[in-house]
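Engineer:
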């Protein structure tokens, strides 16, 4: 049994590694790729596409648990993988209609994929193995930021523009990686609880297959209604209201490091022929920052050497330093130029070293905020973790979508200012919540 569960977690991680090697790399370069398309039949925007994905994802989360309960986690992940592969394939022969259609579909698929992943990981874990299995899955997932971006660097380094053949080579490779990840989900074995449910269904010989699925769908709908009521109740609580600015900030900075910053580097005239290849290196360094931060702060908080507020404060400082250096190092028009490279001159002569340092700081700061948001929600809402995390993902995704929609219109300095203001407010609110919890804990001791 233990071997089967370990096998399932390992295959799950490998599947996500391949799938997100394709999708993460795609998100990192897609606005740059869209800008390189010179035909008259395509008028899409990479920012709008990512905004649609996160917007649809945020609302699809409300229905995803019902779908997973009816058709099962394994089949949900396989179907979602097909939608991810379709999105990557849309860049091989780009049309505006297929680009935006697959953006909608992948938003729905992402909600099913992550809901099914959480369900499957819990099904294949025990109290003694959940930390190990989560760590194994997280490590494999974060490696997805390395391989695809490394390929981008070798493929585009020294290229002043992205040719049609180069684009097709990149996205065909990413499509193959996505299909491999999707197919790996078919190798997953059924957990013991799923086998018990199947044997119970088979034992009910008087019930037809259709009636059994109707029964499961009815049960899933009732659970979804109960969970939605819980979500509405939690939204009214003081804790969630206070944590909302921090959740919203995590959405803004998610959109910035995952789609905007790479585009800014690729559009910086001063970097010349190295600019397009630097998009890949930047993505790798962001991933390294995420891995270092996730592992380091996970150990610190596990040993109670640091308070959550210390880690969040460090994350704010790290991000603010990164934003200031980006403000000085990257031209203000970098996120909004379309047909040309940047025309504005930054305060400093653009430096590759500073640009990559900022990439690392963005990844490190993101891991600070996300690990501590998960930590505090898991502690406060231990008995209501599913609706609490659903609220977190909903708020984060909505603000990520909003940020992507304005990213192509606001100069870099204003985007950075919005994140600084919301990041400061979110950090203060996080401190208030932590103080409230410590005060409540002190009262309970008396």
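In this note's numbering, the protein residues as written are 39 to 484. Just so you know, even glycine gets a beta-carbon here, dropped at the ideal spot from N, CA and C.
#1: Once you ignore the five residues that flank residue 201 on each side, which residues in its own chain have a CB closer than 7 Å to its CB?
#2: Mind checking whether residue 392 and residue 369 have CB atoms under 8 Å apart?
#3: Can you tell me the Cβ-Cβ gap for residue 205 and residue 129, rounded? I've got them flagged as a contact below 8 Å.
#4: With a threshold of 8 Å between beta-carbons, can residue 439 be considered close to chain C, or not?
#5: Using a Cβ-Cβ cut-off of 6 Å (strictly less than) and excluding sequence neighbours within five positions of residue 401, which residues of its own chain qualify?
#6: Could you tell me the distance, in whole angstroms, from the CA atom of residue 417 to the CA atom of residue 146?
#7: When the distance is taken between beta carbons, is residue 283 closer than 8 Å to residue 109?
#8: Contact check, residue 465 vs residue 361 under 8 Å by CB: the rounded distance?
#9: Please state whether the Cβ-Cβ distance between residue 158 and residue 55 is less than 8 Å.
#10: Using beta-carbon positions only, say whether residue 70 and residue 185 come within less than 8 Å of one another.
#11: What did DSSP end up calling residue 155 once you bin it into helix, strand or coil?
#12: Would you mind stating whether residue 213 and residue 126 have Cβ atoms separated by less than 8 Å?
#13: Decide if residue 311 is buried, meaning its Cβ has at least 16 other Cβ atoms within 10 Å, or exposed.
#14: Once DSSP output is grouped into helix, strand and coil, what is the label at residue 103?
#15: Looking at the secondary structure, which residues open and close the alpha helix (DSSP H) in which residue 113 lies?
#16: State the DSSP-derived secondary structure class of residue 228, mapped to helix, strand or coil.
#17: Have a look at residue 467 and residue 133 and give me their C-alpha separation to the nearest angstrom.
#18: When burial is assigned at 16 or more other CB atoms within 10 Å of the CB, is residue 72 buried or exposed?
#19: Can you tell me whether DSSP reads residue 267 as helix, strand or coil?
#20: If you draw a straight line from the alpha carbon of residue 98 to that of residue 386, how long is it in whole angstroms?
Structural biologist: Put simply:
#1: If you number the chain shown from 1, residue 201 lands on position 163. Correct list: empty, nothing qualifies.
#2: The residue labelled residue 392 in the question sits at position 354 within the chain shown. The residue labelled residue 369 in the question sits at position 331 within the chain shown. No.
#3: If you number the chain shown from 1, residue 205 lands on position 167. If you number the chain shown from 1, residue 129 lands on position 91. Correct: roughly 7 Å between the Cβ atoms.
#4: No chain C appears in the structure shown, which is made up of a single protein chain.
#5: Position 363 of the chain shown, counted from the start, is the residue given in the question as residue 401. Here the set comprises 324, 327, 328.
#6: For this step, residue 417 is matched to residue 379 along the chain shown. For this step, residue 146 is matched to residue 108 along the chain shown. Cα to Cα, residue 417 sits roughly 29 Å from residue 146.
#7: One-based indexing of the chain shown puts residue 109 at position 71. One-based indexing of the chain shown puts residue 283 at position 245. No, they are not a contact pair.
#8: Taking the first residue of the chain shown as 1, we reach residue 465 at position 427. Taking the first residue of the chain shown as 1, we reach residue 361 at position 323. Incorrect: roughly 14 Å between the Cβ atoms, too far for contact.
#9: The residue labelled residue 158 in the question sits at position 120 within the chain shown. The residue labelled residue 55 in the question sits at position 17 within the chain shown. No. Outside cutoff.
#10: Residue mapping note: residue 70 aligns to position 32 of the chain shown, counting from 1. Residue mapping note: residue 185 aligns to position 147 of the chain shown, counting from 1. Taking 8 Å as the Cβ cut-off, residue 70 and residue 185 do not qualify as a contacting pair.
#11: Working through the chain shown from its first residue, we reach residue 155 at position 117. It is helical.
#12: Numbered from 1 along the chain shown, position 175 holds the residue referred to as residue 213. Numbered from 1 along the chain shown, position 88 holds the residue referred to as residue 126. Cβ distance < 8 Å, so residue 213 and residue 126 count as in contact.
#13: As a working note, residue 311 is residue 273 in the chain shown. By the 10 Å Cβ count, residue 311 comes out exposed.
#14: In the chain shown, the residue the question calls residue 103 occupies position 65. Helix, per DSSP.
#15: In the chain shown, the residue the question calls residue 113 occupies position 75. That run of the alpha helix (DSSP H) goes 111-127.
#16: Against the chain shown, residue 228 aligns to sequence position 190. In the structure shown, residue 228 sits in coil (DSSP, three-state: anything other than H, G, I, E or B).
#17: For the purposes of this step, residue 467 is taken as the residue at position 429 of the chain shown. For the purposes of this step, residue 133 is taken as the residue at position 95 of the chain shown. So the two alpha carbons sit approximately 44 Å from each other.
#18: As a position in the chain shown, residue 72 is number 34, starting the count at 1. By the neighbour-count rule (16 or more Cβ atoms within 10 Å), residue 72 is buried.
#19: Taking the chain shown and counting its residues from 1, the one referred to as residue 267 is at position 229. Residue 267: helix per DSSP, three-state reduction.
#20: Along the chain shown, one-based indexing puts residue 98 at 60. Along the chain shown, one-based indexing puts residue 386 at 348. In a straight line, the C-alpha of residue 98 is about 44 Å away from that of residue 386.
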